Each structure stands twice: as C-alpha cells, then as structure tokens.
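Participant:
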Amino acid sequence: MLPKGPKIAFSGGTGYTGHKRIWAVLDAVHAKHPDMVLIHGGTPKGAERAAACWADKRGVTQIAFKPDWVRDGKAAPFKRNDRMLEIMPKGVIVFPGSGITGNLADKAKKLGIPVLDHRGNGA
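Numbering (the numbering used here), first residue to last: 18 to 140.
#1: Note down the Cα distance separating TRP86 from ALA93, rounded to an integer number of angstroms.
#2: Excluding the five sequence neighbours on either side, which residues of its own chain have a C-beta within less than 6 Å of the C-beta of LYS83, listed in chain order?
#3: My parser needs the alpha helix (DSSP H) runs of 4 or more residues fully inside the region 24-81; what are they?
#4: Helix, strand or coil for ILE117? Go by DSSP, reduced to three states.
#5: Starting from the C-beta of GLY139, find all residues in its chain whose C-beta is less than 6 Å away, skip the five residues before and the five after it, and write them out in chain order.
#6: Starting from LEU133 and walking both ways along the beta strand (DSSP E), at which residues does that stretch end?
#7: Which of the three DSSP states, helix, strand or coil, is assigned to GLY22?
#8: Would you tell me roughly how many angstroms separate the C-alpha atoms of TYR33 and LYS91, rounded to the nearest one?
#9: Which residues in the same chain as ASP99 place their Cβ atom closer than 8 Å to its Cβ, once the five residues preceding and following it in sequence are excluded?
#10: With distances taken Cα to Cα, identify the nearest neighbour of LEU133 among PRO23, PRO20 and VAL46.
#11: Considering only DSSP beta bridges, list what VAL87 is partnered with.
#12: Which same chain residues end up closer than 6 Å to MET101 when comparing Cβ atoms and leaving out the 5 residues on each side of it in sequence?
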C-alpha cells in the first residue's frame with residue numbers, strides 16, 4: 018500500500034548537477050502540497066539523487082521505482098516509467114536528462130497528468 022498524500026513524480030538525468038535548482042522547485046511544490054510523496058527512479062547520481070537528498074533533508078516520504086533489469090531487460094527504465102504513472106501522480110517534474118525522462122513526460126501528458134518541465138528553461 019502506498020503512503021497517503023499527493024504523489025509527485027520526479028525524473029532527470031544522471032549527469033544533471035543543478036541541485037540548487039532542483040531543491041528550489043521541490044521546495045515550491047512542497048509548499049503547495051505539504052503532505053506530498055516524492056516518487057522517482059532511484060538513480061544513485063544526478064538529478065534523482067539530488068531529489069532523494071532533498072526528500073531526506075525535508076522529511077518528505079519518498080518511493081524509489083528502480084528499473085527491473087532482470088525482468089525487463091533494455092526496456093527496464095521505460096517499464097519503470099509506466100509503473101510510476103500507474104499510481105496516477107498529481108504531477109510530474111522533469112529536469113534535463115535522456116529519452117527516458119522525455120518518455121515519462123510524454124506519457125504523463127497523454128494521461129492528463131500536469132508536467133512541470135524544467136528541461137529547457139535555464140535548468
């Protein structure tokens with residue numbers, strides 16, 4: 018069973034280092050949704066790591082949806098995106114990353130989930 022509170026999905030690349038920007042955006046979302054639950058891909062570096070550190074520091078519940086490489090092979094990150102969206106998050110935040118990040122944003126939009134896209138605005 019998932020924790021209570023609005024789920025906010027987060028994605029960004031392993032090479033993205035703008036942690037101050039990530040924290041500022043997450044702080045703003047958290048101010049609007051103080052009981053939010055952060056969901057992310059659990060990547061150990063880059064944008065998702067910064068988001069996980071933010072959640073730790075702010076005391077925000079988080080759930081890591083790690084890719085299942087054994088079960089899903091090369092499709093694992095995309096299948097992980099599908100699993101994240103199955104819980105119908107209240108919103109999705111994306112920062113610069115790869116096609117995997119773009120895939121999450123595109124699928125969320127098709128489902129009518131609002132996307133805060135920080136890939137091209139000075140992020």
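No residue lacks a Cβ here, since even glycine has one placed at the ideal position from N, Cα and C. Please read all numbers here as calculations on a predicted model, not as lab measurements.
Facilitator: The answer reads as follows:
#1: 5 Å
#2: GLY59
#3: Taking only runs of at least 4 residues, the alpha helix (DSSP H) segments lying wholly in the region 24-81 are 36-49 and 64-75.
#4: helix
#5: Because the pLDDT of GLY139 is 47, which lies under 50, any placement of that residue in the model is unreliable, and the number read from its coordinates should be weighed accordingly. Answer for GLY139: no residue qualifies.
#6: 132-134
#7: coil
#8: 22 Å
#9: LYS124
#10: VAL46
#11: DSSP lists no partner for VAL87.
#12: ALA26, ILE56 and PHE82
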